[in-house]
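Read through the structure below, which is laid out as structure tokens, and then see the notes.
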């Protein structure tokens, strides 16, 4: 790996170390219930919304009401988005005169954006500007805010004593959008525009090239969608080429800024957690576990891609770092981005629930591709999505203290709350739903003729493509290995079902755990209490994530990318 | 017709999610049971 790539990685870590802790402190104030910075300005925006929607800003909800509110909001918003996609041909702001998406594709797309997945089967030249802005971009905000709300509810469950309530879903949702995501998106969009990302309401321009041909240059509100795409870990690009497209990601600075945005909020949530539970060490432990998993994946992917592709070496391609090229495996990559940075972007986008891409994951080396696949399989806790990364890691923390409790023969405790059978049953539900739908649907699809015909490769790479699609959907990532035609009735329907299960069937047990923990009293720490604010616990947490989740998928990873690497058939 | 099927499928998925909330509620049990269970553990550990 070149020194420039190491420098970029170091600069990214410094930028995150500078920005994530203060953002976490700010978030703790936003959700803490007391005075928060910007109350005067944001209150001016929030109060009319509360009044219009009939929301009591001081209201509190039990965990079941919180969950029903989440489901009711999601049901209404997904039906509205479905209608938008089916009726966009009759709606304004459609300069390209795009027609309705087909029913199965509309179903897939609406569930995809509802669940923060942003799996895009629709391709370029299909979505009107109104649908982009008032449909897809709107869901980029509210789906991220829903994830944050569930994480905050879980923290309240851990902090509160003998409490029946977890806060209000509606207030948490609105505060996340108004006080966190909108300001970040506004400032970020200006940075993006300064780097040359398109931002207009034009239709396509026809231009004459120097070669004497004509070319259609698309326009649209790209920059404003680009920031929330990354900062909310959504990942759905304005263009189908996503961040490989020069209008979305024109240069190295915009690329670096996008990786920074992908990681900023997820890495700030552990600091918010530490502050809200009144023990910053707990936040550092969670952040440490997330960081270890992320840095391991990033350095592996960067190295695998920097080392080049043996198949390209065999045909005489020069993959060395020289004064005129970045070197490495450049298949499926942009020269302005390079192989190592692609590895950094790929590991960051799959360690979070983003799913944006700046290179084709299908063209990664088998081991580089396996990093992205395993990253998603780990449940995207390194550092995960907005809120979903934190609550995912906290679920593993509960599992870790349970395992540690079994080892020392004491009732497991976490932050002074006893972890009992009911919480562990919900933890097991959380952990089992995703492998169930991934392995179930991928297993069925790989033996059916129609889905297999959608694959562009056979052998281990074909298996990887199939498994990656369901893994990405069920974990709400949204990146694709490509090499698969997902726009069929089978894939549109089954992938959407995976996305739904991977989102709401995990959020509900999390809220249940929050409700159960919130009822309990704090138990004073004794000599037998397993300390969770230490580096030992960080190691245990990483071990539990890798062993419990990683081993679930090891056989299929072995049959896919590992076999592909060993036989050299790619 | 296809629209009806996909809207029905969406409603069915949300119906399953609603059932999951009910199932989780049953797993957790009523508040009195939770408090009693905590008390038993505390007693047992104090005795130990």
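Chains as they are written, first to last, in my numbering: chain A, 1 to 570; chain B, 571 to 618. Here a beta-carbon is modelled for each residue, glycine too, at the ideal position from N, C-alpha and C. Treat the numbers as computed from the prediction; the structure is a model and nothing was measured.
Restricted to the stretch 275 to 352 of chain A, the alpha helix (DSSP H) segments that are unbroken, complete and at least 4 residues in length are 280 to 306, 310 to 314 and 339 to 351, listed in chain order.
Counting C-beta atoms within 10 angstroms of its own C-beta, residue 58 of chain A has fewer than 16 neighbours from the protein chains shown and is therefore classed as exposed. In the DSSP annotation of this structure, the continuous segment of the alpha helix (DSSP H) that includes residue 450 of chain A starts and ends at 449 to 453. Note on the stretch 367 to 431 of chain A: whole alpha helix (DSSP H) runs with a minimum of 4 residues are 388 to 408, in chain order. Annotated as distal: residue 285 of chain A and residue 396 of chain A, with beta-carbon spacing of 7 Å or more. Residues of the same chain with a CB within less than 7 Å of the CB of residue 169 of chain A, apart from the 5 flanking positions on each side, are 61, 66, 69, 70 and 149 in chain order.
Measuring C-alpha to C-alpha distances from residue 479 of chain A to each of A/348, A/460, A/527 and A/510 identifies A/348 as the nearest.
When DSSP states are grouped into helix, strand and coil, residue 216 of chain A belongs to the strand group. Two segments are said to touch when three or more pairs of C-beta atoms, one from each, lie closer than 8 Å; by this definition the stretch 76 to 92 of chain A touches the stretch 107 to 115 of chain A. Take the alpha-carbon of residue 200 of chain A and the one of residue 326 of chain A: they are about 33 Å apart. In the DSSP assignment, residue 207 of chain A falls within the beta strand (DSSP E) that extends over 205 to 208. At a beta-carbon threshold of 8 Å, none of the residues of chain A lie near residue 578 of chain B; the nearest stands roughly 11 Å away. Secondary structure of residue 40 of chain A (DSSP, three-state): helix.
Residue environment for residue 140 of chain A: buried (at least 16 other C-beta atoms within 10 angstroms of its C-beta). For the 7 Å CB-CB criterion, residue 301 of chain A and residue 371 of chain A form a contact.
Sorting A/155, A/131 and A/54 by C-alpha distance to the C-alpha of residue 32 of chain A places A/155 at the top. According to the DSSP assignment, residue 97 of chain A belongs to no alpha helix (DSSP H), since it is labelled neither H nor E. Excluding its 5 nearest sequence neighbours in each direction, residue 103 of chain A has C-beta neighbours in its own chain below 8 Å: 86, listed in chain order. In terms of CA proximity to residue 188 of chain A, A/224 leads the group A/336, A/536, A/224 and A/39. Proximity of residue 574 of chain B to chain A, defined by a Cβ-Cβ separation below 7 Å, is not satisfied. The beta carbon of residue 417 of chain A sits no closer than 7 Å to any beta carbon of chain B.
The beta carbon of residue 380 of chain A sits closer than 8 Å to those of 350, 351, 352, 353, 388, 389, 392, 475, 476 and 477, all from its chain and outside the five residues before and after it, given in chain order. In this structure, the alpha-carbon of residue 433 of chain A lies about 8 Å from that of residue 506 of chain A.
Judged by beta-carbon spacing, residue 473 of chain A lies beyond the 7 Å limit of residue 260 of chain A, meaning their Cβ atoms are not closer than that value.
The beta carbon of residue 277 of chain A lies closer than 7 Å to those of 155, 158, 159 and 415 in the same chain, with the five residues before and after it left out. Bridge pairing for residue 161 of chain A: absent [DSSP]. The shortest C-alpha to C-alpha distance from residue 357 of chain A to any of A/366, A/346, A/367 and A/365 is the one to A/346.
For residue 564 of chain A, the closest of A/204, A/274 and A/309 by C-alpha to C-alpha distance is A/309. Any Cβ of chain B closer than 7 Å to the Cβ of residue 259 of chain A would place that residue at the interface, and such an atom is absent. DSSP places residue 507 of chain A inside the alpha helix (DSSP H), whose first and last residues are 489 to 518. Restricting attention to A/487, A/12, A/3 and A/343, the CA atom closest to the CA of residue 450 of chain A is found in A/487.
In this structure, the beta-carbon distance from residue 144 of chain A to residue 232 of chain A falls below 7 Å.
Residue-level contact check: residue 583 of chain B touches chain A, since one or more beta carbons of chain A fall below 7 Å from its beta carbon. Taking a Cβ-Cβ threshold of 7 Å, the residues of chain B close to residue 504 of chain A are 587, in chain order. For residue 399 of chain A, no chain B residue has a Cβ inside 7 Å of its Cβ, as the nearest lies near 16 Å away. Within the stretch 222 to 259 of chain A, the runs of alpha helix (DSSP H) at least 4 residues long that lie entirely inside it are, in chain order, 222 to 231.
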